[in-house]
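Remarks on the structure that follows.
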Amino acid sequence: GVLSELERNGIDIQTGKSIIEALSISNLDELEAFLTNSVEGKKGVEELRAFHAYLDQTVLHNKIEFDISLARGLNYYTGCIFEVVSNQVKMGSIGGGGRYDDLTSVFGLKGVSGVGISFGAARIYDIMEELDLFPSSVTDGINVLWIALDEESHVQCFKWVMGLRDKGIASDLYPAPLKLKKQMKYANDIKVPYTIVVGSQELESGLFKLKNMLSGEEKPMNFDQLVNFFMK
Numbered sequence: 001g002v003l004s005e006l007e008r009n010g011i012d013i014q015t016g017k018s019i020i021e022a023l024s025i026s027n028l029d030e031l032e033a034f035l036t037n038s039v040e041g042k043k044g045v046e047e048l049r050a051f052h053a054y055l056d057q058t059v060l061h062n063k064i065e066f067d068i069s070l071a072r073g074l075n076y077y078t079g080c081i082f083e084v085v086s087n088q089v090k091m092g093s094i095g096g097g098g099r100y101d102d103l104t105s106v107f108g109l110k111g112v113s114g115v116g117i118s119f120g121a122a123r124i125y126d127i128m129e130e131l132d133l134f135p136s137s138v139t140d141g142i143n144v145l146w147i148a149l150d151e152e153s154h155v156q157c158f159k160w161v162m163g164l165r166d167k168g169i170a171s172d173l174y175p176a177p178l179k180l181k182k183q184m185k186y187a188n189d190i191k192v193p194y195t196i197v198v199g200s201q202e203l204e205s206g207l208f209k210l211k212n213m214l215s216g217e218e219k220p221m222n223f224d225q226l227v228n229f230f231m232k
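Just so we're aligned: 39 in the working numbering is position 39 of the sequence shown, and the numbers increase by one with no gaps anywhere.
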């Protein structure tokens with residue numbers, strides 16, 4: 001069995017039994033008891049407890065599970081390691097990483113610690129495809145498109161876009177203050193329900209017109225009124 005396989009790889013029976021026992025550990029209390037005679041092991045448990053204490057202060061929407069059997073394929077990790085998996089699709093990890101100390105010394109930069117993570121784009125794509133998470137268009141869900149007529153207006157529009165997004169209102173800004181006709185064509189092409197055109201006059205007054213792209217109706221309003229319009 002497993003003990004025989006470990007023995008064939010140069011691990012004595014007693015050590016093999018300890019390894020098997022360790023793999024059955026499911027929480028930090030059990031791990032601390034198992035490592036009671038190891039100073040380094042107890043230090044590792046303390047670090048994990050500190051990490052979990054921070055996690056307890058956050059609002060997490062996904063499950064965090066302690067797994068003593070977790071092992072990364074690289075040997076430069078010196079602290080906590082982690083992997084990300086999907087709860088809905090049975091597949092290997094879609095992301096992973098951990099803490100490493102002095103890894104940069106191989107590049108001539110000593111004494112620098114860090115935490116790294118990488119993601120598997122192909123696996124994430126497969127999961128999103130299986131769960132039908134891809135939008136039919138990258139512009140799906142945009143409520144309003146901001147159209148700036150000059151550079152100064154473009155900067156202010158960007159601020160307003162961020163303000164709407166902070167409120168959970170999907171909005172976007174045409175990438176550059178090009179000709180109005182070109183920007184409006186884009187708005188029609190992506191079938192955005194509302195647009196706002198901003199130029200020097202709108203900047204000065206703080207008022208702009210929200211245009212219903214289907215009916216053509218325009219409503220003058222300020223930013224707070226715009227937020228209320230989409231939040232109602």
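We treat Cβ as the ideally placed atom computed from N, Cα and C, and that holds for glycine.
Compute the beta-carbon to beta-carbon distance between residue i and residue j, rounded to the nearest angstrom, for a pair I have assumed lies under 8 Å.
i, j, result
"residue 119", "residue 95", "4 Å"
"residue 221", "residue 203", "Not really, about 15 Å apart at Cβ, beyond 8 Å."
"residue 130", "residue 85", "Residue 130 to residue 85, Cβ: 14 Å. No contact."
"residue 92", "residue 123", "7 Å"
"residue 170", "residue 142", "5 Å"
"residue 167", "residue 231", "7 Å"
"residue 193", "residue 214", "7 Å"
"residue 126", "residue 112", "With a Cβ gap of about 35 Å, residue 126 and residue 112 do not count as contacting."
"residue 6", "residue 19", "7 Å"
"residue 236", "residue 147", "Missing from the structure shown is residue 236; the chain here goes from 1 to 232 and no further."
"residue 45", "residue 32", "5 Å"
Is it buried or exposed, residue i, if we count other Cβ atoms within 10 angstroms and call 16 or more buried?
i, result
"residue 172", "buried"
"residue 187", "buried"
"residue 69", "exposed"
"residue 24", "exposed"
"residue 38", "exposed"
"residue 105", "exposed"
"residue 53", "exposed"
"residue 201", "exposed"
"residue 233", "Because the chain spans 1 through 232 in this model, residue 233 falls outside it and cannot be assessed."
"residue 74", "exposed"
"residue 300", "Limits of the chain in this structure are 1 at one end and 232 at the other, which puts residue 300 out of reach."
"residue 76", "exposed"
"residue 133", "exposed"
Name the two residues that bound the continuous beta strand (DSSP E) containing residue i.
i, result
"residue 126", "Premise fails: residue 126 lies in the alpha helix (DSSP H), 121 to 130, not in any beta strand (DSSP E)."
"residue 8", "Taken as a continuous stretch (DSSP letters only), residue 8 belongs to no beta strand (DSSP E), being part of the alpha helix (DSSP H) at 2 to 8."
"residue 210", "208 to 212"
"residue 16", "From DSSP, residue 16 is part of no beta strand (DSSP E) but of the alpha helix (DSSP H) over 13 to 22."
"residue 109", "No beta strand (DSSP E) contains residue 109, which DSSP labels as neither H nor E."
"residue 197", "194 to 198"
Taking the alpha-carbon of residue i as reference, which of the options has the nearest alpha-carbon?
i, options, result
"residue 145", "121, 176, 125, 117", "176"
"residue 157", "20, 199, 134, 219", "199"
"residue 78", "116, 108, 208, 182", "116"
"residue 65", "5, 81, 34", "81"
"residue 178", "160, 154, 195", "154"
"residue 161", "224, 212, 189, 133", "224"
"residue 51", "62, 33, 28", "28"
Touching by the beta-carbon criterion (3+ pairs, under 8 Å), the segment 4 to 15 and the segment 53 to 67: no
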